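Chemist: Numbering (this note's numbering), first residue to last: 292 to 401. Ideal Cβ positions, reconstructed from N, Cα and C, are used throughout, including at glycine. Keep in mind it's a predicted model, so treat the numbers as computed, not measured. Structure in structure tokens, see below.
Listed below in structure tokens is the structure:
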């Protein structure tokens, strides 16, 4: 999990992604998802969830919010993909099915 420390408060925020204009999407110490200025934070660090919790660097609420965000993002992708697939002609659907057969599967990183 990627985290970064707020320079003013010293609290850790969970990093989600860059949003442009020198801002990053983060899970705040209050378990809210916000786009904030990257200048407010130190370098992004990779840490184990268990270590972050054990050392009181982030809260359970932050982790739950992060995982909910990731799940929602995945669910939205699948819904959008399904809708887009249904808009294709039968020929295009079959072509896509054939192409997907050749896509290698990634190992589950959980």
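Nearest by alpha-carbon distance to residue 306: which of 383, 356, 386 and 363 is it?
Modeler: Residue 356 is the option with its Cα nearest to residue 306.
Chemist: Ordered along the chain, which non-local residues of its own chain (more than five positions away) have a Cβ less than 8 Å from that of residue 360?
Modeler: Excluding residues within five positions, the ones whose Cβ falls inside 8 Å are 307, 318 and 324.
Chemist: Measure from the alpha carbon of residue 425 to the alpha carbon of each residue in 312, 331 and 316, then state which is nearest.
Modeler: Residue 425 is absent from the structure shown; the chain starts at 292 and stops at 401.
Chemist: Whole angstroms are fine: how far does the CA of residue 367 sit from the CA of residue 294?
Modeler: C-alpha separation (whole angstroms): 24 Å.
Chemist: Whole angstroms is fine: what's the gap from residue 333's alpha carbon to residue 339's?
Modeler: Cα-Cα distance, rounded: 18 Å.
Chemist: Bridge partners for residue 306 per DSSP, in chain order?
Modeler: In the DSSP output, where bridge partners are listed per residue, residue 306 has 317.
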